[in-house]
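Colleague: When the letters of the sequence shown are read in order and numbered with full-length UniProt numbering, they come out as residues 1 to 246.
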Amino acid sequence: MAGIAYVRQVVPLVTTLVGTHVAFSVASIARAGIGGLQNNPRSKEEKEECFDAKHYDLVTDWVGRLYRGRGIKSIDSSRNSESSNSNGGGDGESIITGGVKLAPTVTFEDPAAVCVGEEEVREAFRALRVLEPIAMSPPRCIDVQPQGESIRLTFLLSQQYTLPLPLLSAGSSRPPQTIRLSLKSFLSVTVQLHQMKHIGLPESEFLVTEMKELWYGNPLLWPYLLFYVPRRINGVISYCLTSRFL
1 MAGIAYVRQV VPLVTTLVGT HVAFSVASIA RAGIGGLQNN PRSKEEKEEC FDAKHYDLVT
61 DWVGRLYRGR GIKSIDSSRN SESSNSNGGG DGESIITGGV KLAPTVTFED PAAVCVGEEE
121 VREAFRALRV LEPIAMSPPR CIDVQPQGES IRLTFLLSQQ YTLPLPLLSA GSSRPPQTIR
181 LSLKSFLSVT VQLHQMKHIG LPESEFLVTE MKELWYGNPL LWPYLLFYVP RRINGVISYC
241 LTSRFL
């Protein structure tokens, strides 16, 4: 009886917590998505590539690979690929863009989720391929801002994703229904120049320490910490599910 009474007390609490989490998540996504469609800031969308962008072509190419669903190779696998190709084997599609890598403590956030650490961020972009991303136009570096030892690059992205809706076609002979979603966003990538000592070269590479994607350029909801917690939970749940089932 005591156990039943305990369950009766806990269930409403759990339901409330889950409901609150869902409500905050939906609010964050709706603010960035629906609000962006209504505002549609054309003046920002039409920004041209900035003058200093050519100095960061490696990062621009790297971003382009991510948002085409190519994923992020680990350092070890990219070394193996490079070694294989130098011996005449392998194919170029499997090689990570040289000169750019993730910091161990890198973070990525957007209105839906927050990913912390190299493994979570790598998994998020590996799983992105499920949405069949298509770049409607190449990433464009529109701003370069030095920040002490770091540099923040802002890219304009124009993407299309395919959202599968298997539930709508359940029990039907028709093929699964899909929705194609077009999305314009601003991606800020914070990088540091890092000497390539791990492979014995004097050159430097870009170490990515932070990534933040703002849909339609809309800022994340405030108070920041209040909406950070549910987005962080979403990031952890997403990592656990996609790493096991995708």
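From the three backbone atoms N, C-alpha and C, an ideal C-beta is built for every residue, glycine too. Predicted model only: the values in this text are computed from it and were never measured.
1) Can you round the beta-carbon distance between V106 and V130 to whole angstroms, since I take them to be within the 8 Å contact cut?
2) Following the continuous beta strand (DSSP E) through I233, name the residue where it begins and the one where it ends.
3) Only counting the same chain, and skipping five residues up and downstream in sequence, which positions put a Cβ closer than 8 Å to that of Q159?
4) Anyone know if the C-beta pair for I142 and E49 falls short of 8 Å?
5) Among the candidates P223, V189 and P138, whose CA atom is the shortest distance from the CA of L153?
6) Please say whether K101 and residue 250 have beta carbons closer to each other than 8 Å?
7) Check the C-beta distance from L246 over to A113 and give it rounded, since I have them as a contact under 8 Å.
8) Do Y239 and E123 come within 8 Å of each other at the CB atom, strictly closer than that value?
9) Suppose contacts are defined by Cβ-Cβ distances below 8 Å. Is P164 in contact with G64 by that definition?
10) If you reduce the DSSP assignment to three classes, tell me which class R68 lands in.
Modeller: On the basis of the coordinates in this document:
1) Position 106 of the sequence shown, counting from 1, holds the residue named residue 106. Position 130 of the sequence shown, counting from 1, holds the residue named residue 130. The pair is not a contact, with the Cβ atoms about 22 Å apart (cut-off 8 Å).
2) The residue labelled residue 233 in the question sits at position 233 within the sequence shown. Segment Y224 to F245 is the alpha helix (DSSP H) holding I233; no beta strand (DSSP E) there.
3) On the sequence shown, position 159 is the one that residue 159 refers to. Excluding sequence neighbours, Q159 sits near Y67, P133, I134, A135, M136, S182, L183, K184 and S185.
4) For the purposes of this step, residue 142 is taken as the residue at position 142 of the sequence shown. For the purposes of this step, residue 49 is taken as the residue at position 49 of the sequence shown. Yes, Cβ-Cβ distance for I142 and E49 is below 8 Å.
5) Within the sequence shown, numbered from 1, the residue matching residue 153 stands at position 153. The shortest C-alpha separation from L153 is found at V189.
6) Outside the displayed range of the chain (1 to 246) lies residue 250, so it cannot be described from this structure.
7) Here residue 246 is taken as the residue at index 246 of the sequence shown, counted from 1. Here residue 113 is taken as the residue at index 113 of the sequence shown, counted from 1. That belief does not hold up - the Cβ atoms of L246 and A113 are roughly 15 Å apart, past 8 Å.
8) On the sequence shown, position 123 is the one that residue 123 refers to. On the sequence shown, position 239 is the one that residue 239 refers to. Yes, these two residues count as a Cβ contact at 8 Å.
9) By one-based count along the sequence shown, residue 164 stands at place 164. By one-based count along the sequence shown, residue 64 stands at place 64. Cβ atoms of P164 and G64: not closer than 8 Å.
10) For the purposes of this step, residue 68 is identified with residue 68 of the sequence shown, where counting begins at 1. If DSSP states are grouped into helix, strand and coil, R68 belongs with coil.
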